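Residue numbers (mature numbering (1 follows the signal peptide of the UniProt record, and there is no 0)): -23 to -1, 1 to 500.
Note that the Cβ used here is the ideal one computed from N, Cα and C, for glycine as well.
On a predicted model such as this, the values are computed, not experimentally measured, just so you know.
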Amino acid sequence: MTKRIFSLLLALALLCLSGAALAEEAASAYPIAGAEGVTLTFAKIAQTQITSQYDSLQDTPLMQAYMEATGVNIEVIAPADNTAMNLLFASGDLPDMVYFDWDAYAGGISKAISDGIVLPLNDLLDEYAPDYKAAINSNEDYRRGTMTPNGDVYGFAFIRAHKDLLTSSGPIIRSDWLEKCGLENPETITEFYNALVAFRDQCGATYPLSTGAGNILGNDSAAFILGAFGVPQADFYHDGDTVKFGYMQDGMKDCLAFLNQLYNEGLLDPNFATLDSATINSNLYNGISGVVTGSLGSGIGNHLTAMEGDPEFDVAGMHYLVADDQKGELPISGHTDFPVMRYATCITTTCEYPEIAAQFLNYGYTEEGRLLLNFGVEGESYEMIDGVPTFTEQITNNPDGLSMQYAMAPYCFSWDGGNMLQDENYIYQYAGRPQQQEALATWSNTLKGDYVMPRVTIPDDMSARFASLGNDINTYCSEMRIKFITGEESLDNFDAFRDTLRNMGIEEYIAIEQAAYDEFMTR
């Protein structure tokens, strides 16, 4: 009798387990059951890469394939910009789903939830988005980054799922000039200085270093000098569990002194405060400058394309710099994004079919969805070669002469972002030239990830104060860095500069960010 009861209980337990497994499998099954005849509206800001080729995103091969795979009809709404999207929210006539930079919503994603715009996903994940739930729970940064302080999972995030996807820009140097001068790619601050002098004296560069004011002490790609003075970033960063502000550090004064030296010796373009990208590119192409900053694609890729007629011209990704006594060590500055981007696709509170919307968006995190959203339609935009999704010539050598980005745009979201885990094989092909691959390896080989701030949330009751402090403080820092570099303001007054920041409320500003960081780390 006891054995019969045990056997019955065991059978019931197995039935429950198999039922749960089947339920989870059914939740991930596509096309979506019950989606016949359902049309969901989807808002995403208009992009020239799409509108120059198709009337609407919904007409592209990507969205046609997505609709076929899920069984859901999609009607795309394409506001012109962030302002237009926010006006759409204010109208009350909400689309069912919205892909948006939620930092551009006043008060951020938490406010969008409390304002009744965004529907939290907590009650939908287990049954209707198990693949997304598994993805965000696979990594602490993913889990924390997709959650509000209240514990709400707010949307289907665009996640850069490999370290090589977190880096896309940095310093760029004329490698042909390095070879001409008998120099290696600079690693230390003195090697960099010597390269600038050599470019001026041996290569005829008028202003060896050319980059804009916002980039001189920028927070990412152009902070390649700052790290050599012990400061990883100009504004907020964390050192262990302590939040710091770059302009308040002693190393900032030393960095500004070095930049002032470059300015005085004619090694830095004296027009740095007003330079635009077109002028910087022209300086690089015409031999006026030998070091700029930029990205893998619009930087190195475009530079090589623009100068294809000059067989001697070549560029390389330059190292983020270290101090002279740290040669061979990894730099602390660099361009490193937090893996959970500020963009996400959210379901709105007025969506009539939130369960179907959740399943539709969950598809992006399945294996089939990963391939579609990262690489497009198999046989058209990519083929599987030795197990690797590989773009076809439709993308890499477009018959209509389209750039790779424009050729990709109708087929996938990897070039821009969507409800997906971005695949590293995308960047290995998008930035496929040897110079780009070498730059990616150079720029990603830093310790910046140890210092980069996660996407913290400022509480609603502090957001106005935080924004006001930040506007005043950052404006003042931007003005003063130019004055220190040009010598209009003596660096003897650097301590007075920091005293002014204290009087402006820098300590309160840091304290608010510190509290937000502490909250993030306990989610």
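Are the beta-carbon atoms of residue i and residue j separated by less than 8 Å?
i           : j    : result
M318        : L478 : no
T47         : Y7   : yes
A106        : T123 : no
P126        : S87  : yes
Y388        : P38  : yes
I54         : M40  : no
I277        : G294 : yes
residue 501 : I94  : The shown model of the chain, from -23 to 500, leaves out residue 501, and the question about it has no answer.
F222        : F213 : yes
C328        : D73  : yes
V130        : T313 : no
H296        : P163 : yes
P316        : I136 : yes
L468        : L233 : yes
Y405        : S391 : no
T165        : D301 : yes
G274        : W420 : no
L245        : R177 : no
I362        : I435 : no
R121        : F443 : no
I324        : G11  : no
From the DSSP output, in three-state form, read off residue i for me.
i     : result
E168  : helix
D393  : coil
T219  : strand
Q399  : strand
S272  : strand
P148  : strand
I309  : coil
M295  : coil
V95   : strand
R500  : coil
M44   : helix
L350  : helix
I51   : strand
A134  : strand
A(-1) : In this predicted model, A(-1) has a pLDDT of only 36, less than 50, meaning its place in the structure is not dependable; the value taken from the coordinates is given anyway. Helix at A(-1).
T419  : helix
Express the C-alpha separation of residue j and residue i in angstroms, rounding to a whole number.
i     : j    : result
K110  : D103 : 7 Å
L(-2) : I9   : The predicted model places L(-2) with a pLDDT of 33, which falls under 50 and marks its position as unreliable, so this point remains unresolved.
Y119  : K140 : 13 Å
L160  : V174 : 12 Å
T251  : G264 : 20 Å
F337  : P97  : 16 Å
Y82   : E415 : 37 Å
W79   : V269 : 31 Å
P376  : Q382 : 14 Å
E156  : Q179 : 11 Å
E289  : D153 : 7 Å
P366  : F352 : 7 Å
T28   : N237 : 45 Å
Y194  : F201 : The sequence as given places Leu at residue 194; Tyr does not occur at that position. Distance between the alpha carbons of L194 and F201: 8 Å.
T423  : V15  : 48 Å
N339  : Y76  : 14 Å
Q413  : I150 : 12 Å
I487  : L142 : 29 Å
E401  : V208 : 29 Å
S272  : A67  : 36 Å
N480  : P431 : 27 Å
T183  : S266 : 7 Å
M397  : K460 : 44 Å
Along the chain, where does the beta strand (DSSP E) containing residue i start, and where does it finish?
i    : result
R319 : 317 to 324
A57  : Unbroken run through A57: none, as it is neither H nor E.
E360 : 359 to 362
F337 : No beta strand (DSSP E) holds F337; the alpha helix (DSSP H) holding it covers 331 to 339.
D78  : 74 to 78
I'd like the span of the alpha helix (DSSP H) that includes residue i, first residue to last.
i           : result
A20         : It is not in any alpha helix (DSSP H) - A20 instead sits in the beta strand (DSSP E) that spans 16 to 21.
R410        : R410 -> no alpha helix (DSSP H), and no H or E assigned at all.
residue 501 : An answer regarding residue 501 cannot be provided, because it is not within the stretch -23 to 500 covered by the chain.
P107        : 107 to 113
F235        : 227 to 241
T37         : Segment: none, T37 is in no alpha helix (DSSP H) and carries neither H nor E.
T327        : Careful: T327 lies outside any alpha helix (DSSP H) and carries neither H nor E.
Is residue i near the ligand MG, in the sense that its beta carbon is under 7 Å from a heavy atom of that ligand?
i   : result
T18 : The ligand MG is not among the ligands present in this structure, which contains no ligands whatsoever.
Have a look at the options and flag the residue whose alpha-carbon is nearest the alpha-carbon of residue i.
i    : options                : result
D231 : F222, G223, Y403, F206 : F206
D449 : F471, Y330, I483       : I483
E45  : T183, E345, I324       : E345
L239 : T188, L65, A384        : T188
L186 : N470, D58, F249        : F249
N99  : P331, D287, V49        : P331
Taking 8 Å as the CB-CB limit, is residue i close to chain D?
i    : result
E465 : No chain D appears in the structure shown, which is made up of a single protein chain.
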